[in-house]
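A.B. asks: Below you'll find the structure I mean.
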Amino acid sequence: MNRREAMQTILTGAGAMTCIAATETSAEQSKHSASAKPIEKDALCFWLETSLRRVFPNSSPRDASPLHLLAARNEQISFQACFRNNRTTFVRVRLSVQGAPECSVSIRRVGYVPLQGLNTDTPKSDLDGIGHIPGLVPDPLFPEDSASVGPESNGAFWITIKTPADLSPGLRTLTVRFTFEDEFSFPVWLGTAPFSVEIPVFVEVCPLVIESRKDFSATHWINIESIWDYYKTAPFSERFWELAETYIANMVTHNLDVVYTPIFNARHEIMPRPGQLLRVRRLDEDQYDFDFTDVRRWVQLALKHGAQKLEFTHFFTPAPTSGKHPQHIFHRWPQTRDILWSPDISATSNVYRNFLGQFLPQFGRFLRDEGILHRSYFHCADEPDGPEQVADYRKARELLREFAPWMKVIDAMSDTHFAVERLTDMPIPSIATAPEFTKADCPAWTYFCCGPRGGYLQRLHDTPLPKIRMAGWLFYRLGAKGFLHWGHNYWYVFCTGTIADPYTDPAVGAYPGLPYGDPFVVYPGANGPVDSIRWEVFAESLQDYALLQSAGIGPDDPLLDSLKDYQDFPKSEKWLADARESILKKKK
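Residue 1 is where the sequence shown starts when you use my numbering, and the numbers rise one by one after that.
This is the structure we're talking about:
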């Protein structure tokens, strides 16, 4: 029995429409999908979506054909189960997934956040949500298996399947079951009898096993102040450490191999409760005492959850004064008090030279004692720009070389002159200038943040999901050595000490300069992070990087010829599906 015959057999009794969809050719299926309808029962509609289509509250329901998904072994794949309420009442629907007991299956409810407008400076062809934005955008994924929806609105669930590495290849069948539980109409619950609707999902597990990603690092800057200020807990309390561990674990499970370690505060502002893991006190005018207890605890949590590398805070102030002043470092023993020096002193002043002369040898011993020196990244200053900042950066970098010749520095710097001068051990240019570093034969990581926009790769609330999913493919094809992003969980009103509500303003008060979706990829949940759709799709794009490596696809393989640069590349779900099928079926 071939795969199509098996699908037809499994579908018997699931409804005439779904049986027809399973036995048609691909061309016929496309034609059929255009006119097919969702399953309708008692004024509710039910259907399935892939993970690369946003379902807005007023999106039109699609057809109820079963999904056919391809998966490697040791891979995570996702899809959505959706329903629409055409009643005049408020309804609750619960979702369950049966089948494939060898796989891990999780269900989360898709939540919505408000966007007052589309992000700027981007053509319509590179935007998702036109006709829905301004309005509510699907993004947070709540760990819930039921959704309550009002009249003329949609509900959606995000289903994630993880295949074990030792799973035998072959076709698996899952049954997605929607159960209508009850409805509410003022003034009482109506108590309508429950009913269920089922739609099958076919997961074809292919022989290829995805191995760990190699020679490509990925990091995001976690903001520990956001954690204790949002959750209203004391810095470095046991409650903070419980929460911090969930955020660290979440980064690693989303395919980041580097965990940012905020040994110093890195904010532009002088925060009332700055995030500084290092305990330090001034013994007298020229002597300091250091305690690495909290740094060690953080590092051990990162390693416990599978981090391969650690990244430490910049030693000098960021742009627009990149390298001009020392980093803001505070007296903390264990409580935080005043900054140790005036924020305006020179980076190479005797005060800071004296501090570094005492701190860096002890820091080096700590790294060696923990066995992490060879797997640590360090920063000098962030994004120097222009002759004056370059001069300041050069002096700051020489100071680090003097006291810590063992320190290998990576820094964001997009001016191509840096590629020639080798001011840092590993530059991190913007995706807009990364090709110039390649032309200069300078290995480099890359980053994007609030820009570039337009046709460039991005990860915003209105970036089409297939475009986000192309990230790993582009990093692989274009030879990036790593990826850095600043916005993991920045929940403050931008450049203030006031905590914001990320569920109501995803631009934290700085739209349009700071676009919706730039400051964070996780939301605060009751006891840890709530993932976003953008975060899930980006994580699966990093998984695609590992897929390409595991399958032996070279960066110059003809399969990737259409990936020209970070703004000229395929941006369709079909291209991704075809490319994945080409890779996975090739290994059968």
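For each residue, glycine too, the CB sits at the ideal point set by N, CA and C.
(1) Exposed or buried, what is K314 when buried is set at 16 or more other beta-carbons lying within 10 Å of its beta-carbon?
(2) Just how far apart, CA to CA, sit F483 and D518?
(3) State the Cα-Cα distance for the pair D289 and A432, rounded to the nearest angstrom.
(4) Using a Cβ-Cβ cutoff of less than 6 angstroms, which residues in the same chain neighbour P464 once the five nearest sequence positions on both sides are dropped?
(5) Beta-carbon separation of S226 and Y393 under 8 angstroms?
(6) Would you mind listing the alpha helix (DSSP H) stretches within the stretch 494-552 that are 4+ residues and don't spill past its ends, in chain order?
(7) Could you check the C-alpha separation between Y590 and D531 for me, to the nearest Å?
(8) In whole angstroms, what is the alpha-carbon distance linking K586 and K214?
(9) Compute the Euclidean distance between the alpha carbons of S148 and P200, then round it to the nearest angstrom.
(10) Between H132 and the rest of its own chain, which residues show a CB-CB distance below 6 angstroms, the 5 nearest in sequence each way excluded?
(11) Looking at the strands, I want to know which residues DSSP matches up with H68.
(12) Return helix, strand or coil for S125, following the three-state DSSP convention.
(13) Taking G482 as part of the beta strand (DSSP E), name the residues at either end of that continuous run.
(14) Under DSSP, the alpha helix (DSSP H) around T321 begins and ends at which residues?
(15) If we count the other Cβ atoms within 10 Å of its Cβ and call it buried at 16 or more, is F195 buried or exposed?
(16) To the nearest angstrom, how far is it from the Cα of N255 to the Cα of E398?
(17) For S104, I'd like the list of residues in its chain whose CB is within less than 6 angstroms of its CB, leaving aside the five on either flank, ordered along the chain.
(18) Which runs of the beta strand (DSSP E) fall wholly inside the stretch 438-494 and span at least 3 residues, in chain order?
(19) Give the list of continuous beta strand (DSSP E) stretches no shorter than 3 residues that lie fully inside the stretch 47-110.
(20) Within the chosen definition, does the stretch 490-509 reach the stretch 561-575 through at least 3 CB pairs nearer than 8 angstroms?
(21) Name the residue from I210, P361 and W221 whose alpha carbon lies nearest to the alpha carbon of F520.
(22) Run through DSSP, which three-state label would N265 get?
(23) Under the three-state reduction of DSSP, which class applies to A577: helix, strand or coil?
(24) Assess contact between the stretch 297-309 and the stretch 324-343, defined as three or more Cβ pairs (one per stretch) separated by less than 8 angstroms. Is contact present?
(25) Using the three-state DSSP reduction, which class does E311 fall into: helix, strand or coil?
(26) Considering only heavy atoms of the ligand MN, does any lie closer than 7 angstroms to the CB of P200?
(27) So who's on the other strand from R281, going by DSSP bridges?
(28) The beta strand (DSSP E) that contains I410, what's its start and end?
(29) Can you tell me which of the three DSSP states E225 falls into?
(30) Just to confirm the assignment, what range does the alpha helix (DSSP H) spanning N354 have?
(31) Cα separation between S33 and E152?
(32) Taking the straight line between their C-alpha atoms, what separation do you get for P524 and V390?
(33) One question on the structure: do N74 and A43 come within less than 8 angstroms of each other, judged by their Cβ atoms?
(34) Does the stretch 534-552 come close enough to the stretch 440-454 to have 3 or more Cβ pairs within less than 8 angstroms?
(35) Excluding the 5 residues preceding and the 5 following F403 in the sequence, name in chain order all residues of the same chain whose CB lies nearer than 7 angstroms to its CB.
(36) Could you tell me whether the stretch 379-388 touches the stretch 407-420, using the rule of 3 or more Cβ pairs below 8 angstroms?
C.D. replies: Answer, in terms of the structure:
(1) According to the sequence as given, residue 314 is His; it is not Lys. Around the beta-carbon of H314, 16 or more other beta-carbon atoms lie within 10 Å, marking it buried.
(2) Near 15 angstroms, if we compare the C-alpha coordinates of D518 and F483.
(3) Separation of D289 and A432 (C-alpha to C-alpha, rounded to the nearest whole angstrom) is 43 angstroms.
(4) Here P464 has D128 as same chain residues with Cβ atoms under 6 angstroms from its own Cβ, once five neighbours each way along the sequence are excluded.
(5) Contact flag unset, no.
(6) The qualifying runs are 533-550.
(7) Beyond the ends of the chain as shown, which are 1 and 588, falls residue 590; an answer cannot be given.
(8) Rounded to the nearest angstrom, the two C-alpha atoms are 22 angstroms apart.
(9) Between S148 and P200, the C-alpha separation is close to 23 angstroms.
(10) Result list for H132: F56, in chain order.
(11) Assignment of beta-bridge partners to H68 by DSSP yields F202.
(12) DSSP places S125 in helix when its eight states are reduced to three.
(13) If you look at G482, you'll find it in the beta strand (DSSP E) that goes G482 to H485.
(14) Careful: T321 lies outside any alpha helix (DSSP H) and carries neither H nor E.
(15) Exposed, by the Cβ-count rule.
(16) The straight-line gap separating the alpha-carbon atoms of N255 and E398 is approximately 34 angstroms.
(17) Closer than 6 angstroms at Cβ, skipping near neighbours: K162.
(18) At a cut-off of 3 residues, the continuous stretches assigned as beta strand (DSSP E) that sit fully inside the stretch 438-494 are 482-485.
(19) Here the runs fully enclosed are 67-73, 76-85 and 90-98.
(20) Contact between the stretch 490-509 and the stretch 561-575 is absent: fewer than 3 CB-CB pairs across the two stretches fall below 8 angstroms.
(21) For the set I210, P361 and W221, the Cα lying nearest the Cα of F520 is the one of W221.
(22) DSSP places N265 outside both helix and strand once states are collapsed to three, so it counts as coil.
(23) For A577, the three-state secondary structure derived from DSSP is helix.
(24) With a cut-off of 8 angstroms, the stretch 324-343 and the stretch 297-309 do not count as touching, because too few Cβ pairs lie within range.
(25) In the displayed model, E311 falls within a strand according to three-state DSSP.
(26) In terms of ligand content, the structure shown is empty, and the ligand MN therefore cannot be addressed.
(27) According to DSSP, R281 bridges with D289.
(28) Under the DSSP assignment, I410 falls in the beta strand (DSSP E) whose first and last residues are I410 to A412.
(29) Looking at E225 - three-state DSSP - the assignment turns out to be helix.
(30) For N354, the enclosing alpha helix (DSSP H) covers residues N350 to E370.
(31) Residue placement at S33 cannot be trusted, given a pLDDT of 41 that sits under 50; the coordinates are not used to answer.
(32) Each residue's CA atom was taken as its position, placing P524 and V390 some 38 angstroms apart.
(33) Between N74 and A43, the C-beta spacing is not below 8 angstroms.
(34) No, the stretch 534-552 does not touch the stretch 440-454.
(35) Cβ within range, chain order: L356, G357 and L360.
(36) Yes: the two stretches touch, three or more of their Cβ pairs being nearer than 8 angstroms.
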